Amino acid sequence: MSSHREAPETSKDPAADNTDVYAFVSPDRPDTITLIANFIPFEYPAGGPNFYEFDDDVLYSIYVDNNGDGVEDITYEFRFTTTITNDATFLYNVGPIASLDDPNFVRPQTASVTRNGEVIGDGIPLAPCNVGFRSTPNYPDLANSSIVELGDGSMFFAGQRLDGFFVDVGSVFDLATLRPIQNLHLIPSPAAPGVNGLRGFNVHSIALQIPIEHLTSDGSVPTDPLGANAVIGVYASASRQKGTFQDETQSYGEGPFTQVSRLGMPLVNEVFIPMSRKDEWNRSEPAGDSEFAQFTAMPELAVLLGALYPDVFPNLVAYDKDRADLLAIFLTGIPEGVVPGFQNNTGTTQADLIRLNVAIPPTENPNVLGLVAGDAAGFPNGRRVFDDVVTVELRAMAGLTIPLVDPTFTPDAPASLIEDGSDNNTTSYLSHFPYLDHPISGYDSIPPSSSGLPHSK
Amino acid sequence: MSHWSRRDVLRITAGAATATAIPIAVVGVASSGSSAAPAEAAVAPLTEAELEQSVTGRVMVCVHDARAGTVSLLQGNREKIIQDRQLVARLMRAAKA
């Protein structure tokens with residue numbers, strides 16, 4: 000969740016596991032768009048001495064489709080190069096790391112960035128992982144010093160961050176349990192608050208802050224939300240070379256890069272796509288997502304809600320039409336006329352993309368429930384780092400959004416109330432680029448309890 | 000203080016094994032061309048110039064379907080697919096030998 004360990008193959012390849020993608024108009028620089036792609040799920044901060052890093056052998060990409068065909072028009076590619084500066088130590092650092100070029104940093108990485116094949120950044124030093132106050136003192140200053148301006152005027156950051164996503168992952172994958180209403184579950188237990196299963200874990204982020212006119216189809220800064228040029232679609236991916244050879248002492252790749260992970264909207268591959276086809280989905284292109292649309296039109300989770308919470312969702316259980324609401328939200332965008340003054344529709348091509356209407360300015364009073372709570376600057380109009388996408392998607396899945404396209408349907412009362420119970424108070428964010436907070440250090444991290452929570456029987 | 004990239008370290012550690020193991024396939028590829036492969040006996044050894052080129056890169060050869068006679072050659076960031084039943088035959092027999 001939202002795409003952490005979401006498919007069998009990527010769960011075994013964390014450096015190429017794209018966990019979250021964010022796209023939003025930058026709140027403090029509204030003339031720019033911020034795009035973030037996260038990788039490496041569940042980084043336990045104390046996981047040394049070989050701390051987490053981007054893989055030199057992975058091609059990381061962020062794509063923008065600005066003409067609605069589901070095919071990228073703008074491609075940002077990122078490669079990383081790892082260096083060993085001291086061949087006599089087992090340590091990640093041999094003293095405090097005070098700067099990005101500090102010789103105490105044994106295993107530094109640099110990044111290169113291209114836009115549509117043109118190099119716009121090269122040899123960019125990355126900050127280390129947050130090891131602890133002895134090894135990485137003044138971590139915020141150290142990390143902030145790695146933010147650079149690229150050759151095209153965009154800002155760039157890559158490195159470790161606190162995972163801003165929140166979900167009760169331990170509960171939802173225990174037969175779709177929602178702790179706040181688990182008393183109504185087929186296997187009941189007393190209702191309880193949700194638990195953010197990602198609390199205290201880090202992740203690796205690639206973040207760009209790009210002038211709006213660099214991303215729109217006509218090079219303009221749209222001001223009319225209903226204009227076709229106002230909507231962009233975003234997804235990210237990780238690719239590995241086709242051939243990998245393992246000999247006695249090394250592994251290496253040959254051949255063109257082939258996509259092994261992709262992600263646009265949160266939870267699509269995680270929840271909609273059956274396990275038997277998740278790896279295939281990861282290797283496919285968004286423009287071909289009509290191949291998988293049946294799983295959005297008739298989502299398994301909606302059926303499970305009816306089955307696992309008996310008598311709670313009778314109207315949802317009785318609804319046997321294709322879910323046109325979900326098809327719009329996830330695969331084509333919301334057309335004009337559904338929400339007054341708003342659209343993020345990209346036409347008829349079904350593609351898993353985060354669709355952002357760049358003409359909607361950021362708000363000073365954001366609502367974590369985004370568009371369904373009247374905040375058009377939030378999910379599913381793009382996705383901000385703090386948006387509660389799990390609650391929004393759960394409620395949509397439970398039928399709350401069906402009346403937007405089918406006024407004859409009356410949602411079950413719990414559909415507007417259900418949640419997994421996790422919230423963004425269990426994580427933190429920055430008010431400026433790259434918006435995801437500095438990572439928790441290994442020294443300061445608290446291991447999960449060996450006893451765990453009582454299961455409240 | 001030395002500055003080695005990760006790939007440098009791996010290559011240094013690997014030594015000559017890499018450079019000698021893969022060109023076995025390169026020999027067949029470089030001399031067979033596309034569709035009109037010469038008989039095995041007629042294949043000339045790589046010239047010094049060709050060897051100089053081959054040791055700086057590696058080629059992975061993959062035969063997905065011997066019946067189709069298609070060989071996928073992976074080198075650098077490229078994939079070249081060739082149709083060569085004689086090359087496929089040589090590779091398959093060599094693999095079984």
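If you read the protein sequences in the order shown, they are chains A and B.
Residue 153 in numbering that gives the first Met the number 0 sits at position 154 of the first sequence, with consecutive numbering throughout.
Residue 49 in numbering that gives the first Met the number 0 sits at position 50 of the second sequence, with consecutive numbering throughout.
Every residue, glycine too, gets a C-beta built ideally from N, C-alpha and C.
Computed from a predicted structure; not experimentally measured.
Residues of chain B whose Cβ lies closer than 7 angstroms to the Cβ of P255 of chain A are, in chain order, N76, R77, E78. Around the CB of S236 of chain A, 16 or more other CB atoms lie within 10 Å, so the residue is classed as buried. Between I35 of chain A and V24 of chain A, the beta carbon gap of about 13 angstroms keeps them out of contact (Cβ cut-off 8 angstroms).
The continuous beta strand (DSSP E) containing T69 of chain B extends over residues 69 to 74. At a cut-off of 9 angstroms, the C-beta of G116 of chain A has no neighbouring C-beta in chain B. Close CB contacts of Y318 of chain A within its chain, under the 8 angstroms cut and outside five residues either way in sequence, are with G398, I401, F408 (chain order).
For the stretch 70 to 104 of chain A, the residues whose beta carbon sits under 7 angstroms from a beta carbon of chain B are, in order, T80, T81, T82, I83, T84, N85, D86, P102. Judged by DSSP secondary structure, Y138 of chain A falls outside any beta strand (DSSP E) and instead within the alpha helix (DSSP H) spanning 138 to 143.
Among the residues facing chain B, F244 of chain A is included, as its CB has a counterpart in that chain under 9 angstroms away. Taken through DSSP and simplified to helix, strand or coil, E269 of chain A comes out as helix. The beta-carbon of Q258 of chain A is placed no less than 9 angstroms from the nearest beta-carbon of chain B. Chain-ordered, the chain A residues with CB closer than 8 angstroms to the CB of M59 of chain B read G242, F244, E253, G254.
Across the set A:S283, A:N115, A:V357, the C-alpha of A:V357 shows the shortest separation from the C-alpha of A22 of chain A.
Looking only at A:T222, A:A87, A:G226, A:R198, the smallest Cα-Cα distance to P447 of chain A is reached by A:R198. D121 of chain A carries a strand assignment under DSSP once its states are collapsed to helix, strand and coil. Within chain A, the residues whose beta carbon sits less than 9 angstroms from that of L73 of chain B are Q240, K241, G242, G252, E253, G254, P255, listed in sequence order. Distance from the CA atom of N37 of chain A to the CA atom of T135 of chain A, rounded to whole angstroms, is 22 angstroms.
Taken in chain order, the complete beta strand (DSSP E) segments of 3 residues or longer contained in the stretch 282 to 359 of chain A are 353 to 356. Excluding its 5 nearest sequence neighbours in each direction, T88 of chain A has C-beta neighbours in its own chain below 7 angstroms: V105, listed in chain order.
Apart from sequence neighbours up to five positions away, the residues of its chain that approach M59 of chain B with a beta-carbon distance below 6 angstroms are L73, ordered along the chain.
By the Cβ criterion, the stretch 290 to 304 of chain A is not in contact with the stretch 160 to 168 of chain A, since fewer than three pairs of Cβ atoms, one from each stretch, lie closer than 8 angstroms. Residue pairing by DSSP puts T113 of chain A in a beta bridge opposite A:E76, A:V118. Of the candidates A:V338, A:L352, A:G226, the residue whose Cα lies closest to the Cα of P285 of chain A is A:L352. When Cβ pairs closer than 8 angstroms are counted between the two stretches, the stretch 137 to 155 of chain A is seen to touch the stretch 206 to 218 of chain A, the count reaching three or more.
Considering only B:A96, B:E47, B:V70, the residue with the shortest C-alpha distance to L86 of chain B is B:V70. Contact check for L416 of chain A against V384 of chain A fails: the beta carbons are separated by 9 angstroms or more.
Within the stretch 142 to 168 of chain A, complete beta strand (DSSP E) segments of at least 3 residues are found at 154 to 161, given in chain order.
Taking the C-beta atoms as reference points, G340 of chain A is found nearer than 9 angstroms to A375 of chain A.
Here DSSP, grouped into helix, strand and coil, assigns D19 of chain A to strand. Separation of S1 of chain A and A41 of chain B (C-alpha to C-alpha, rounded to the nearest whole angstrom) is 59 angstroms. Contact check for V112 of chain A and G122 of chain A: beta-carbon distance about 10 angstroms, past the 8 angstroms limit, so the pair fails to qualify. T215 of chain A places its beta carbon less than 9 angstroms from that of N65 of chain A. Taking the Cα positions, D278 of chain A is about 14 angstroms away from H3 of chain A.
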